[in-house]
Amino acid sequence: MRHRITATILLAASLALASCSSESHKPDPAACKRTIKAQYEPGTAKLKGKPGTPKECDGLSNDQVSKIVLSVVQENPK
């Protein structure tokens with residue numbers, strides 16, 4: 088459990104730091120979650136692919152992305 092919380096915090100922090108939004112892009116939390124879920128390596132704090140927030144998460148707040156990350160980690164334990 089402790090490792091899952093640590094992984095969530097590290098992953099959310101890395102996504103938040105790389106986050107940027109585009110005014111012409113309509114935020115889609117479901118698309119963001121699908122992308123994070125596809126890239127997430129269960130039991131780690133890593134995403135496969137390029138570092139940073141996936142483009143599908145552009146326009147979402149850091150809080151929204153953090154909640155999505157938490158739900159993905161909880162749904163996909165090691």
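Going by the working numbering, the sequence shown wraps up at 165, each residue one higher than the last.
Every residue gets a Cβ at the ideal spot worked out from N, C-alpha and C, and that includes glycine.
All figures in this text were calculated on a predicted structure; none of them were measured in a lab.
query = To which residues does DSSP link L134 through a beta bridge?
reply = Y127
query = Where does the unbroken alpha helix (DSSP H) through A163 begin, and where does it stop?
reply = A small fix is needed here, since residue 163 is Asn in this sequence, not Ala. No alpha helix (DSSP H) contains N163, which DSSP labels as neither H nor E.
ask   = If you count every other CB in all the chains shown that lies within 10 Å of the CB of E128, and 16 or more means buried, which is it?
value = exposed
S153, DSSP secondary structure in three states = helix
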